[in-house]
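Residue numbers (the numbering used here): 3 to 243.
In this text, a Cβ means the ideal position worked out from N, Cα and C, and glycines have one as well.
The structure presented is a predicted model; accordingly, all values stated were derived computationally and were not measured.
Everything on this sheet refers to the single structure shown next.
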């Protein structure tokens with residue numbers, strides 16, 4: 003009788019340990035813990051990312067020099083030093099210089115990859131902070147739409163609207179800060195500052211001289227080149243979650 007009672011107690015303990023141990027192991031594997039005890043601990047930069055910011059720059063090889071200003075938004079995923087993003091950019095075109103006459107608008111949709119080439123951790127930059135020098139590249143589609151001048155504006159050359167593929171290359175710096183005790187969204191906040199050059203296969207310049215609704219086709223001087231390009235300076239905030 004005594005041996006049977008001991009057997010029942012041992013069996014109950016084994017059952018409790020099995021359920022308790024299995025539950026703890028499952029919770030650790032399924033729920034990452036981003037709480038940091040040491041502000042100088044190594045950085046874990048894996049996770050989903052959302053980014054929003056501004057873009058300003060120039061379009062080259064247009065009938066007249068164009069200043070572009072706008073914004074962009076991106077979403078993607080970070081795998082440590084490497085990140086993949088899908089990005090949308092909207093740009094307003096205006097005359098370069100003191101004249102702010104609107105000339106048109108552009109949209110860009112691109113798939114990008116970004117790599118942190120050099121990283122300086124918290125012991126160099128400061129508690130929970132990370133400084134990176136990155137390079138990036140990708141490909142996408144660029145749409146340019148050009149406005150006709152109003153009836154009370156001077157006549158000007160209006161290029162035909164275009165849609166073309168483009169490749170993108172860039173570099174910059176990122177300051178990434180870790181929340182030591184994250185609660186909800188996000189667990190990292192970063193600031194990106196960089197340059198990006200976009201290159202498209204050259205298309206012959208085709209356009210018209212317009213004023214109001216009146217337009218007439220015009221022969222446009224063209225250059226013998228293979229690529230058209232643009233350059234944008236970008237600043238954005240990024241959230242890792």
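- Taking the C-beta atoms as reference points, residue 226 is found no nearer than 8 Å to residue 206.
- Boundaries for residue 125: no beta strand (DSSP E) harbours it, while the alpha helix (DSSP H) harbouring it runs 124 to 127, taken from the DSSP string.
- Residue burial annotation: residue 142 is buried, with at least 16 other C-beta atoms found within 10 angstroms of its C-beta.
- Linking residue 64 to residue 98 through their CA atoms gives a straight-line distance of about 12 Å.
- The three-state reading of DSSP puts residue 207 in coil, since its state is none of H, G, I, E or B.
- Burial check for residue 67: the Cβ neighbour count within 10 Å stays below 16, so the residue is exposed.
- Linking residue 180 to residue 88 through their CA atoms gives a straight-line distance of about 23 Å.
- In this structure, residue 96 sits near residue 69, with a CB-CB distance shorter than 8 Å.
- DSSP, reduced to helix, strand and coil, places residue 167 within a strand of the structure shown.
- Going by DSSP, residue 81 is part of the beta strand (DSSP E) stretching over 68 to 81.
- Approximately 32 Å separates the beta-carbon atoms of residue 62 and residue 178; this is outside 8 Å, ruling out the contact.
- Burial of residue 80 is indicated by the presence of at least 16 other C-beta atoms within 10 angstroms of its C-beta.
- Unbroken beta strand (DSSP E) stretches of 3 residues or longer found wholly inside the segment 108 to 157: 131 to 148, given in chain order.
- Closest option to residue 53, judged by alpha-carbon separation, among 91, 173, 118, 119: 91.
- Counting of Cβ neighbours within 10 angstroms places residue 197 among the exposed residues, the total staying below 16.
- Using a Cβ-Cβ distance cut-off of 8 Å, the segment 117 to 137 and the segment 145 to 153 are not in contact, since fewer than three pairs of beta carbons, one from each stretch, lie closer than that value.
- Scanning its chain for C-beta atoms nearer than 6 Å, with the 5 sequence neighbours on each side dropped, one finds around residue 111 the residues 90, 142, 143, in chain order.
- Minimum Cα-Cα distance from residue 101 among the listed residues 156, 115, 76 corresponds to 156.
- Assignment of residue 194 by DSSP, reduced to helix, strand and coil, places it in the strand class.
- Taking residue 119 as reference, the option from 138, 166, 103 with the minimal CA-CA separation is 138.
- Going by C-alpha positions, residue 59 is about 14 Å away from residue 170.
- Between residue 160 and the set 104, 40, 240, the nearest pair of CA atoms involves 104.
- Taken through DSSP and simplified to helix, strand or coil, residue 45 comes out as coil.
- Annotation for residue 93: the continuous beta strand (DSSP E) segment containing it runs 84 to 97.
- The C-beta separation of residue 195 from residue 175 comes to about 6 Å, placing the pair in contact by the 8 Å criterion.
- In this chain, residue 188 is not harboured by any beta strand (DSSP E), its DSSP state being neither H nor E.
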